[in-house]
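Working notes for the structure below.
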Amino acid sequence: MDSVWQDRGARFRMDKFFELRTIVIDLLKVILDEQGLENALPFSAVTVERPKSAGHGELSTNAAIVAAKSLGQNPAWLAGELAARLRLDSRLQEVAVAGPGFINLRLRPEVWMSIARTAVGAGPEFGRSNIGAGRRIHLEFVSANPTGPLHVGHVRGAVYGDSLGRLLEFTGHDVVREYYVNDGGAQVDALARSAYLRYLEANGSAVEFGDGEYVGEYLISVGIGLKERFGDELIGKNEAEWLEPVRTYAISAMMDLIRKDLDLLGIEMDIFFSERSLQETGRIEEALAELDRRGLIYEGVLDPPKGSLPDDWEPRRQTLLRATAHGDDVDRPVRKSDGSWTYFASDIAYHYDKIKRGYDELVNIFGADHGGYTKRLKAVVSALSDGGMPFDIKLTQLVRVITNEGASRMSKRAGQFVSLREAVEAVGPDVTRFVMLMRKNDAQLEFNFEEVRRQSKENPVFYVQYAHARICSVLERARSAGFRVDDSDLLDCNWSLLAHPDLVALARRVAEWPRTVDQASRHHEPHRIAFYLNELASDFHSLWSKGNSDAELKLLDETQPDASTARIGLARSAGIVISSGLGILGVTPISEMRN
RNA sequence: GGCCCCGUAGCUCAGCAGGAUAGAGCGACCGCCUCCUAAGCGGUAGGUCACAGGUUCGAAUCCUGUCGGGGCCGCCA
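Here my numbering runs 457 ahead of the position in the first sequence, where the first position is 1.
Given below as structure tokens:
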């Protein structure tokens, strides 16, 4: 028996699907060799996975179909040959050819149990992999304007980015989390004017807010803070004198707010990168000079947009980036007619900076309202790295917040929004995070504030946590009953006593964990972890429930200590995976559900 | 007018790098606590995967078009 089913010391990169796939492909090559057929085929399409319907075995492979296709051979014949060889492997209990050439497989129960046992041995390391090989991945996310606290709309990107980071770290990447602070544009000037009004108010003046100013109450304390700092010395001065100090103070206050908001969700950024710092150090000019060297900057006039024109549209000569040379639809302006740089120019410099820092891959997470921005940014990164920098942009669709007053549109300027803080304080960070991660990032998400608050006990996150709590509970009870159920004991217990189909079903699910992690990581999709955990929890709850009527499935039965210990070992493997998975989502794996 | 995302059960959404009879939760209906936590479990009902073509042995999945929802579209960031 070769060693692929055995533990591999400290690495524990057990993934039965992948290993079995290797076996299948190797056997396939042997057969092709013997027949004098080409054996260097593209085997990437070969899969070994759990079939959609349970009637087709535990695992199913399309290997024969795939190979037969590129060889022009009969798939049924090739499947027969392959199945004959697979039957010689004693770890396989059933090998059947079905349909157009699928091979359906069933493993011996002890093979599945050996994987669950591996999980107990590996603990939190189970499922961890090194597919990242230490590659340095830069994640930019949140990057909300520093003009107010975060609201529910920002939470999704924040949670998604943070969990993606955890997932990438779990799969062997070196992750940097970064927040780009838009502290260099007109919006922070508007912030400063609004803060100045609050400052005057704090000094006893009646004030009136104009269009485009931030009326939110969160600036009142900033006004008071300004008064404490500057007394009355800014009163009556003209804007040129007070704008800069007020802006600096207000931005700093807003970033403090934002940092605290992120804290509420357990999110910690490695770097806060200031847009203004780019403007002040000539790095925009530097980046554009780099593009100019590549012949991508020119003076020109853009074609008018198709369709209905804006009222004030007129042809205008401006400095443009030849983004079309790198896949964008139109060239993009980098300088305004007054000579100042556009926001896009700052972004060019920012991404040039990222590239120069030497990361192996960049990932940006934007809200869907920035969707129109992805092509030009990809063009910039492609141009500045000569196409060498992997760059993924993920969009999170906007969150539709539903309260008992209906769907609310969130506007920071109007000062009306459900803040991150309100949401977290109402339902807690765990529920907030889990709800955001139960959806694929590019699907629209409905955050029914009232419902989540009212029915928080029926939220999916509790379902998963409950499974974990039950596992902790049975371990505790076993200990009080005198069982030895530390992980080291469970490793040594008699796993071969576990063969009941329902026990095997749970072990099978546990065994899917490494593959789930792997796929989620490759696709940058942490929601797959959330869905997997729900299924794992479901398998566990089902087993638990059956234990009430079937003594063979009851985890803790003092009349059969050896089998009980083994079943508890299996439960423990599920608990390890739940804990690990919730960790990736940033959700607490609680051990008790008591109120 | 153009670009991006989406359209799967009454509702909210999965569907893993095209695969064999399309899934879950909620809601509806019927059952299960003297038994390791019922925040749980079992079962029933419910879908021409928006529509029309195409590629393929095989399409919810890939391509084209149409319709519908959302987002974006030259000196806002």
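Just so it is clear, CB atoms sit at the ideal spot from N, CA and C, and this is done for glycine as well.
When you compare only the Cα positions, how much space is there between residue i and residue j?
i       : j       : result
Ser794  : Pro772  : 12 Å
Val856  : Glu903  : 6 Å
Ser797  : Val645  : 16 Å
Phe500  : Thr1045 : 40 Å
Ala935  : Leu1039 : 24 Å
Val931  : Phe940  : 11 Å
Arg774  : Arg650  : 32 Å
Ala968  : Pro508  : 15 Å
Ala533  : His630  : 42 Å
Ala710  : Arg1029 : 47 Å
Tyr706  : Phe583  : 47 Å
Met867  : Val609  : A caution first: Met867 carries a pLDDT of 48, below 50, which makes its placement in the model unreliable, though a value can still be read off. About 9 Å.
Leu834  : Ile724  : 26 Å
Ser517  : Asn531  : 19 Å
Ala802  : Gln976  : 36 Å
Phe988  : Leu963  : 16 Å
Gly1026 : Ala573  : 8 Å
Arg716  : Thr973  : 32 Å
Asp490  : Ser978  : 35 Å
Arg870  : Ile677  : With a pLDDT of only 43 at Arg870, under 50, the local geometry of the prediction cannot be trusted, and no value is derived from it.
Leu993  : Ala1031 : 7 Å
Met893  : Gln736  : 35 Å
Arg634  : Leu819  : 11 Å
Ser1048 : Gly661  : 53 Å
Where do the ends of the alpha helix (DSSP H) carrying residue i lie?
i       : result
Glu933  : Pro917 to Ser937
Val820  : It is not in any alpha helix (DSSP H) - Val820 instead sits in the beta strand (DSSP E) that spans Glu818 to Gly824.
Val1034 : Pro1018 to Leu1042
Thr604  : Element bounds for Thr604: n/a, residue is neither H nor E.
Phe730  : Note, Phe730: premise wrong, no alpha helix (DSSP H); beta strand (DSSP E) at Ile728 to Ser731.
Arg447  : The chain is shown from 458 up to 1052; residue 447 falls before or after that span and cannot be answered.
Ile986  : His984 to Lys1003
Tyr656  : Ala643 to Ala659
Phe583  : Counting along the chain, Phe583 falls outside any alpha helix (DSSP H), and DSSP gives it neither H nor E.
Spatial neighbours of residue i within its chain, please: CB distance less than 6 Å, with the 5 preceding and 5 following residues excluded, ordered by chain position.
i       : result
Met1050 : Tyr923 and Ala926
Arg779  : Leu753 and Asp788
Val837  : Ile805 and His808
Tyr636  : Val599, Ser600, Met726 and Phe729
Asp817  : Arg592 and Arg593
Phe891  : Val918 and Val1044
By a C-beta neighbour count over all protein chains shown, 10 Å radius and 16 as the cutoff for buried, is residue i buried or exposed?
i      : result
Ser547 : exposed
Tyr755 : exposed
Thr604 : buried
Ser953 : exposed
Asn587 : exposed
Pro606 : buried
Ser571 : buried
His611 : buried
Ala467 : Bear in mind that the predicted position of Ala467 carries a pLDDT of just 32, short of 50, making it unreliable; the figure below should be weighed with that in mind. Result: exposed.
To which residues of the same chain is residue i closer than 8 Å at the C-beta, ignoring the five residues directly before and after it?
i       : result
Leu691  : Tyr653, Tyr656, Leu683, Glu698, Trp699, Pro702 and Val703
Glu743  : Ala806 and Tyr809
Asn1005 : Lys1011
Below 7 Å CB to CB, which residues in the same chain sit around residue i once its five sequence neighbours on both sides are set aside?
i      : result
Leu721 : Leu877, Arg878, Val881 and Pro886
Leu528 : Leu494 and Glu495
Asp640 : Pro603, Ile708, Ser731, Glu732 and Arg733
Val632 : Ile594, Leu596, Gly622, Leu625 and Glu626
Gly580 : Asp944 and Ile1033
Val552 : Ala540, Leu543, Arg544, Ile560 and Leu562
Ala555 : His513 and Asn561
Would you mind reading off the limits of the beta strand (DSSP E) that contains residue i?
i      : result
Lys851 : Phe848 to Thr853
Ile560 : Phe559 to Leu564
Ala553 : Leu549 to Ala555
Asp631 : Asp631 to Val638
Gly757 : Ile754 to Val758
Arg773 : Run containing Arg773: none; DSSP gives neither H nor E here.
Ser517 : Leu516 to Thr518
Ile692 : Neither: Ile692 is in no beta strand (DSSP E) and is coded neither H nor E.
From the DSSP output, which residues share a beta bridge with residue i?
i      : result
Glu798 : Rather than Glu, the amino acid found at residue 798 in this sequence is Trp. Partner(s): Arg792.
His595 : Val633 and Leu819
Ala857 : Ala is not the amino acid found at residue 857; the sequence shown has Arg there. The partner list for Arg857 (beta bridge, DSSP) reads Glu903.
Val487 : DSSP, once it has assigned bridges, lists no residue as partnering Val487.
Ser506 : Looking at the sequence shown, residue 506 is not Ser but Glu. DSSP output for Glu506 lists Ser517 as bridge partner(s).
Leu778 : Ile754 and Arg789
Ser876 : His608
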